[in-house]
Amino acid sequence: MGMSEEKSVPRRSFLATLGGLAGGLAVGGAAGWLLKPAERELRTVTERVAETLTRTVTVGAPREKVTITVNWFPGPESDAVAPIIDWWNENLSDQTGVRAELVLFGRAEHFEKIKTLLLAQSPEPDIVFMSYTVGAVWPHLEPLDDWFADPKRYPYTLDHFVPAALDAFRVNGKLYGIPTDMNTSLLLYRKDLMPEPPKTLDEMVEMARRFTRKYNPNSPTEYGFAIQGKNIWFNSYFWINLYVSQGGVPPEPGREIEFAESLNSPTAIKVLQVYVDMYKEGLSPPDSVNYEYAETNAALAAGQVAMALQWNAALGELRDPNKAPLVHDKIGAAPTPGRYHDNRLVRLQEIHVHGPGINKYSKRKEAAFRFFAFLTTLRFCLDYLEKGGFTGSAAVLDNPKAQKMRTEIPELAPVYKESFAMTTHPDLVPMHDILTRNINSALVGAKTPEQALNDARIEILQLLRD
Amino acid sequence: MLIMIIGVTLFPLIFSYYMSAHNMTILNFWNPVFIGFDNYVRVLLSTDFWASVRFSILFMFVAASAELLLGLFLSLFLERSFRGRRVIVSLILIPMAIAPALFGIMIKLMLNEFIGLVPFLLRQIGVRMNFFSDFTTIFTVLIATDMIQWTPFVFIILYAALHSLPREPIEAAYIDGASGWKVLRHVKIPMLWKTITLIAIFRIMDSLRTFDMIYVLTGGGPGISTTTVSINIFKVALIRGDFGLAAASTIIFFYLSMIVLSFGLKELRRAGVV
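Protein chains in written order, with the numbering used here: chain A, 1 to 466; chain B, 467 to 740.
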């Protein structure tokens, strides 16, 4: 039977398959040969890490290998870490006795999946990639302070990280993760229209009016500003940054109740009133009550909006000539507008982080920490940044090589230096959800700013006291 | 097999009741505190929950009615044989095959003021329109989206049912001089009634628990004006992290749905189906 089947394969098909395979190999080989120099260049940083690590982490002969599972955020983050893990396995697994295996889930449901696995007390993955929602899962994570305090286990330092970024992974004073990725929001503006970005809230409103066609028929943009007003929990971050920059209480770790109580303050009401007025006066698109990341980017990319508060991740997309051909060379980034206090410009905004922690139920914690320690090295941070990730390391952000590699870093560095860590309270997400819902209600006129903020205040206080 | 049935139905059901009687969050999942009926009282006193019930019922009523009417109209229109009918039937069915969340994203892109095809075409004829600026337009978009996606379901079942109707009574009515409308009203619809009731039950139950399409399009906003019960439960469980309260909401909503379903079942019983 088998023989007759073999005989039935047409000669032409067989030759075509053979030809296809040979052609594929030739193309693959040529591509490999062409890409080789670039790869060699990329490896220079990691080669130096190898030298450092083999000197410090490993002593003596190769040990028995343990394979640990490393979970990372799928997307640009995992694309950046994958070659570094490959490099580790090729160059350091023998000396350290640890082999790392990358485990990915879907990007959309990543954090939910991690929550579920931790709740189920699953011993894998040994290293889990978390977010600012660490406050909701910390009982299932390994506290890292004792591990980092042991010089035999940890010969490096965490001093090069942005302090607020490390704080964003602390719960009740204990550290549960390393900020390999750091995010915040920025004021994105059309630098071809305004040579200087607005520095204060009043300047921002004035500029928004100047670039709204309804008020200035000569305006090249239809709207001066795009408010991200959709009722989706993280949209409150933009309002909070404006509020805190006007002197409001920042929702940092330990100040959650103080923040909630301040929500009916004159400053908070004034900032929300500004938001509502901008929307009502038509400085922001009518649909912006339903805007989040993608819609805001689309509005900026279409060249119809002059400014928006947007996540720093948007810069890559908006400066890509293929993705934003109309504005790729016209988008500037600046910190959230603040206020003058004692003749000094005051601006303050949150940063939140993503990064790995160690699963409390891991059965290979010692081996996992050996790899984890490597993730805190300056070399890893630089390599990760080079391959498309980001970093929470201030030293790397200040590094001229890093600034050359990623042109947005010089714009981001001042933002991170004027930052506070968003709270890691277990109720972080519900707090934002309540606030966003009420801001959204004020925008559509269902509540006055006073009512909306007072309702948010009562609900958040109730939540925190429960 | 029995273990599998118990695992996928009975266990989650019992566990939901267990969760609803406890203060259970992600932090105390393994050591929840027993609180009796507290969660049920909180749900019954929650204005957010009742607002979501109100919106779910409104959405269900408008969407299911519109889909039934349009589906019936389309099936009657395509009952007659004509050139290109098969192509039209195939085209009508396409939206049903798309995942609701993906369909929501497609609609969102198509209606985007700056990059959407629909606003672009409207601008060509001098009409400027925003689709997500107030409740009325948003509600219209949600109903239209649900109709585009789920009318095909109503249509295909009614279309098949119409084709399987016995021809004799219909032809007899025409021979007796009945008009097309009278044949529809007094012959076809009575013969289709069981199918229509069954479809209505399916569509009512489905639209009552709509989640993905609305969540993608509006996130439940503006404010909480388009929050369905499913979105409310999702937010309570996965954003607020209060599994006990979410379980109590689910159970209360299950019994509310049962009231709606009981009317449908009564009608099916009357028609001799169950």
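Here a beta-carbon is modelled for each residue, glycine too, at the ideal position from N, C-alpha and C.
Owing to the predicted nature of the structure, the values given are computational and were not obtained by experimental measurement.
Through-space distance from residue j to residue i, alpha-carbon basis
i              : j              : result
L453 (chain A) : L464 (chain A) : 16 Å
V702 (chain B) : G710 (chain B) : 9 Å
R552 (chain B) : E350 (chain A) : 58 Å
E124 (chain A) : S362 (chain A) : 6 Å
Y340 (chain A) : A402 (chain A) : 32 Å
P498 (chain B) : S482 (chain B) : 13 Å
A627 (chain B) : T716 (chain B) : 35 Å
M679 (chain B) : T692 (chain B) : 11 Å
I560 (chain B) : E533 (chain B) : 16 Å
W72 (chain A)  : A529 (chain B) : 41 Å
Y215 (chain A) : G303 (chain A) : 18 Å
K113 (chain A) : P426 (chain A) : 17 Å
R364 (chain A) : V98 (chain A)  : 10 Å
F720 (chain B) : P430 (chain A) : 25 Å
E579 (chain B) : T221 (chain A) : 14 Å
S512 (chain B) : R210 (chain A) : 44 Å
G60 (chain A)  : V128 (chain A) : Residue placement at G60 (chain A) cannot be trusted, given a pLDDT of 45 that sits under 50; what the coordinates show is reported in the next sentence. For G60 (chain A) and V128 (chain A), the distance between alpha carbons rounds to 30 Å.
S630 (chain B) : S541 (chain B) : 12 Å
V244 (chain A) : V415 (chain A) : 14 Å
V519 (chain B) : L722 (chain B) : 9 Å
V171 (chain A) : L536 (chain B) : 56 Å
I523 (chain B) : A713 (chain B) : 20 Å
E295 (chain A) : G229 (chain A) : 11 Å
M724 (chain B) : I690 (chain B) : 24 Å
T157 (chain A) : W147 (chain A) : 12 Å
M470 (chain B) : Y681 (chain B) : 32 Å
L734 (chain B) : E101 (chain A) : 56 Å
Buried versus exposed call for residue i [16 or more other C-beta atoms within 10 Å across all chains shown]
i              : result
H652 (chain B) : exposed
P321 (chain A) : exposed
P325 (chain A) : exposed
K741 (chain B) : With chain B running from 467 to 740 in the structure shown, residue 741 (chain B) is simply not present.
E512 (chain A) : In the structure as shown, chain A begins at 1 and stops at 466. Residue 512 (chain A) is therefore absent and cannot be evaluated.
Y384 (chain A) : buried
K732 (chain B) : exposed
G686 (chain B) : buried
K152 (chain A) : exposed
M502 (chain B) : Here residue 502 (chain B) turns out to be Gly, not Met, going by the sequence shown. Its Cβ having fewer than 16 others within 10 Å, G502 (chain B) is exposed.
A563 (chain B) : exposed
G643 (chain B) : exposed
E459 (chain A) : buried
P163 (chain A) : exposed
P400 (chain A) : exposed
L25 (chain A)  : Caution applies to L25 (chain A), whose pLDDT of 47 falls short of 50 and renders its modelled position unreliable; the model cannot decide the point.
L587 (chain B) : exposed
F225 (chain A) : buried
L468 (chain B) : exposed
Partner residues on chain B for residue i, Cβ-Cβ distance less than 9 Å
i              : result
S219 (chain A) : Here the premise fails: no neighbours, minimum Cβ distance about 15 Å.
A136 (chain A) : T491, I492, L493 and G707
V444 (chain A) : S599, D600, F601, G687, P688, G689 and S691
Proximity below 8 Å, CB of residue i to CB of residue j
i              : j              : result
T180 (chain A) : R370 (chain A) : no
S393 (chain A) : H160 (chain A) : yes
F598 (chain B) : N89 (chain A)  : no
F569 (chain B) : T611 (chain B) : yes
L435 (chain A) : Y279 (chain A) : no
I178 (chain A) : T424 (chain A) : no
F374 (chain A) : L309 (chain A) : no
S78 (chain A)  : L104 (chain A) : yes
L300 (chain A) : L315 (chain A) : no
G248 (chain A) : T267 (chain A) : yes
Proximal residues of chain B, C-beta to C-beta of residue i below 7 Å
i              : result
K230 (chain A) : G685 and G687
N172 (chain A) : Per Cβ cutoff of 7 Å: no residues; N172 (chain A) is ~12 Å from chain B at best.
D440 (chain A) : Correcting the residue identity first, residue 440 (chain A) is Asn in this sequence and not Asp. Near N440 (chain A) (Cβ distances below 7 Å), the residues of chain B are G687, P688 and G689.
Listed by chain order, chain A residues near residue i by CB distance under 8 Å
i              : result
N578 (chain B) : D287, E295 and A298
L704 (chain B) : E112
Partners in chain A for residue i, counting only beta-carbon separations shorter than 7 Å
i              : result
L734 (chain B) : Correct list: empty, because the minimum Cβ distance to chain A is about 38 Å.
I581 (chain B) : A298 and A302
Near the ligand GDP: residue i beta-carbon under 7 Å from a heavy atom
i              : result
G282 (chain A) : Questions concerning the ligand GDP fall outside what the structure shown contains, since it holds no ligand whatsoever.
Chain-ordered residues of the segment 706-720 of chain B with a beta carbon less than 9 Å from chain A: R706, G707 and D708: these are the residues of the segment 706-720 of chain B whose beta carbon lies less than 9 Å from some beta carbon of chain A, given in chain order.
Residues in the segment 273-306 of chain A having any Cβ partner in chain B nearer than 7 Å: Hits within the stretch, in order: P285, P286, D287, V289, N290, E295, A298, A299, A302 and Q304.
Residues in the segment 415-437 of chain A having any Cβ partner in chain B nearer than 7 Å: For the segment 415-437 of chain A, the residues whose beta carbon sits under 7 Å from a beta carbon of chain B are, in order, P426, V429, P430, D433 and R437.
Residues of the segment 112-123 of chain A whose Cβ lies closer than 7 Å to any Cβ of chain B, in chain order: The segment 112-123 of chain A vs chain B, Cβ under 7 Å: E112, K115 and L119.
Near-chain A residues of the segment 596-630 of chain B (beta-carbon distance less than 9 Å), N- to C-terminal order: Cβ contacts with chain A: N596, F597, F598, S599, D600, F601 and I604.
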